[in-house]
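J.:
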Amino acid sequence: MTFGQKLKKLRTDKNLTQEQLAQRLFVTRTAISKWETDSGYPGIDSLKLIAEFFGVTIDQLISDDDVANQRALEQKRATKCYISAVIFLVCTVIFALLSYFWGQIYFNIGGVVCLIGYVVFALLAKPKYKRIEARKVVLPYVISRIVIFAIVAGVMVYTILSL
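Heads up: the sequence shown at position 30 corresponds to 30 in UniProt numbering, and the numbers run straight through without jumps.
#1: Using 8 Å as the Cβ pair cut-off and three pairs as the minimum, do the stretch 79 to 89 and the stretch 25 to 40 touch?
#2: Do you know how far the Cα of Q20 is from the Cα of I132?
#3: With C-beta atoms as the reference, is L115 less than 8 Å away from V90?
#4: Residues in its own chain within less than 7 Å of S84 by CB, not counting five upstream and five downstream?
#5: Could you tell me if S99 is buried or exposed, where buried requires 16 or more neighbouring beta carbons within 10 angstroms of its beta carbon?
#6: What number of angstroms, rounded off, separates the C-alpha of V155 from the C-alpha of I50?
#7: Hey, would you say G40 sits closer than 8 Å to K34, going by beta carbons?
#8: Can the beta-carbon of T57 be found closer than 8 Å to that of G4?
#9: Whose C-alpha, out of T30, K48, F54, S46, is nearest the C-alpha of N15?
#10: Should F101 be labelled buried (16 or more other beta-carbon atoms within 10 Å of its own) or exposed?
#11: With DSSP collapsed to three states, give me the class of M156.
#12: Which full runs of the alpha helix (DSSP H) of 4+ residues lie inside the stretch 23 to 100, going along the chain?
#13: Considering only C-alpha positions, which residue in the set N108, V112, V86, A96 is nearest to L123?
#14: Would DSSP call Q18 helix, strand or coil?
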């Protein structure tokens, strides 16, 4: 039984609506809905309030299924960030090439925006639990991002200086 199923059961056993539970836990009804459908997961403070309100322990609320579900959610979020990073990288290269071949400096603005988007999403593309496990090998990961950034930025600077 997942956390969301347990929460829904506890809530319905007390004959509470999502709105009523949300008011008592100081969160929105949408948050309760996301938790119950396993689309989101509460923070530790909310978990404490839920456990206290229903008279159960946090351990009873969280099971191994929930940990796997949390990892699956993180992996899904990381995949979306990775796809976004690739799209931003492709756009950056396209803007750099357009700027270089057409000699228009205005394309560099789009390139810089896309480059910033790439760096942000590339750093978010690794799920949190993998970042923690991989702290020993994080240097190659960061260096690869810096090298890509330097190459694309170099093309942009060269284009600007050659105009």
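Built from N, CA and C at the ideal position, the CB exists for glycine as well.
T.: On the basis of the supplied data:
#1: no
#2: As a position in the sequence shown, residue 132 is number 132, starting the count at 1. As a position in the sequence shown, residue 20 is number 20, starting the count at 1. Per-residue confidence for I132 stands at a pLDDT of 49, beneath the threshold of 50, marking its modelled position as unreliable; the derived number appears in the next sentence. Across the structure, I132 and Q20 are spaced so that their CA atoms are roughly 37 Å apart.
#3: Here residue 115 corresponds to residue number 115 of the sequence shown, with the count starting at 1. Here residue 90 corresponds to residue number 90 of the sequence shown, with the count starting at 1. Contact: no.
#4: As a first step, residue 84 is located in the sequence shown; it is residue number 84 there, counting from the start. If we look at S84 and ignore the five residues flanking it on each side, its Cβ neighbours are F121.
#5: As a working mapping, residue 99 is identified with position 99 in the sequence shown. With 16 or more other Cβ atoms within 10 Å, it is buried.
#6: Here the question's residue 155 lines up with position 155 in the sequence shown. Here the question's residue 50 lines up with position 50 in the sequence shown. Rounded to the nearest angstrom, the two C-alpha atoms are 54 Å apart.
#7: On the sequence shown, residue 40 is found 40 positions in, with the first residue counted as 1. On the sequence shown, residue 34 is found 34 positions in, with the first residue counted as 1. Cβ distance < 8 Å, so G40 and K34 count as in contact.
#8: As a position in the sequence shown, residue 57 is number 57, starting the count at 1. As a position in the sequence shown, residue 4 is number 4, starting the count at 1. Against a cut-off of 8 Å, the Cβ pair of G4 and T57 comes out as no contact.
#9: The residue you call residue 15 lines up with position 15 of the sequence shown. Per the Cα distances, F54.
#10: To locate residue 101, count along the sequence shown from 1; it is residue 101. Exposed: under 16 other Cβ atoms inside 10 Å.
#11: If you number the sequence shown from 1, residue 156 lands on position 156. Look at M156 here: in three-state DSSP terms it is helix.
#12: DSSP runs (the alpha helix (DSSP H)) wholly in the stretch 23 to 100: 29 to 36, 44 to 54, 58 to 61.
#13: Along the sequence shown, read from residue 1 onward, the residue named residue 123 stands at position 123. It is V86.
#14: The residue given as residue 18 occupies position 18 in the sequence shown. Taken through DSSP and simplified to helix, strand or coil, Q18 comes out as helix.
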